[in-house]
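Working notes for the structure below.
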Amino acid sequence: MKKVITYGTFDLLHYGHINLLRRAKELGDYLIVALSTDEFNWNEKGKKCYFTYEQRKKLLEAIRYVDLVIPEENWDQKVQDVKEFRVDTFVMGDDWQGKFDFLKDYCQVVYLPRTPEISTTQIKQELKTR
Ligand code: C2G
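First residue of the sequence shown? That's 15 in my numbering, and the numbers climb one at a time after it.
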C-alpha cells in the first residue's frame, strides 16, 4: 500500500483544497491529512480559523480522497509522522516549494501547483463586499 501525507489548515474548505487532495491521493492508495490544530494555527501561523479543528476534521473525513486525519501540532513532527505511518510520498502545494526538501531523506517529496484563482483570504474579502 502506497501511503501519501499532506499538511494544512483547510479552513473554509474550498475546491483548491479538493484539487490538492485529489491529486495527492492519485500518487498512492492511502492519503493521510495532518490537520493543523487551532492552537498551532494561532500560535505558529497567526491564523484564527473560522471552523474549529473538530469541524475541519469532520469536513476532511467526508472527502472521498482522505483516509485518515491526524493533528498537526508543530512544525517539527513531519519526520516522525513519515516514519510512524511509513509514508512513501509527502505532498504540498507549490507555495511551499523547497521548504520540506529535508524530507527527501525519508520519502518522496512532491510539490503540486496550487489552484491559482481561489484562496480563503479572497473568499473572506469578497463576502465582505456583498
Ligand atoms: N492549496 C492549493 N490551492 C489553493 C489553496 C491551497 O493547492 N488555492 C493547497 C496548499 O498549497 C496546501 C493545502 O492546499 O498544500 C492546504 O492549504 P492551507 O490550508 O492554506 O495550508 P497551510 O496553511 O499552507 O499549511 O506544515 C504545513 C502547513 O500546515 C501548511
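C-beta atoms are modelled at their ideal positions from N, C-alpha and C, and glycine is treated no differently.
Note that the structure is a prediction, hence the values are computed from the model and not measured.
Continuous beta strand (DSSP E) stretch holding residue i: start and end
i: lysine 17; result: 17–22
i: leucine 49; result: 44–50
Cβ neighbour criterion (16 or more within 10 Å) applied to residue i
i: lysine 138; result: exposed
i: glutamate 131; result: exposed
i: glutamate 86; result: buried
i: lysine 113; result: exposed
i: tyrosine 67; result: buried
i: glutamine 95; result: The displayed chain sequence assigns aspartate, not glutamine, to residue 95. Aspartate 95 should be labelled buried.
Minimum C-alpha distance to residue i - residue among the options
i: isoleucine 32; options: Gln91, Gln69, Leu73; result: Leu73
i: isoleucine 46; options: Lys113, Trp56, Ala38; result: Ala38
i: leucine 34; options: Thr20, Gly42, Asp43; result: Thr20
i: valine 83; options: Phe54, Ser50, Ser133; result: Ser50
Test: residue i CB closer than 8 Å to a CB of chain D
i: phenylalanine 114; result: Protein chains in the displayed structure number just one, and chain D is not present.
Host alpha helix (DSSP H) of residue i (start-end)
i: valine 96; result: 92–98
i: glutamate 68; result: 67–75
i: glutamine 136; result: 134–142
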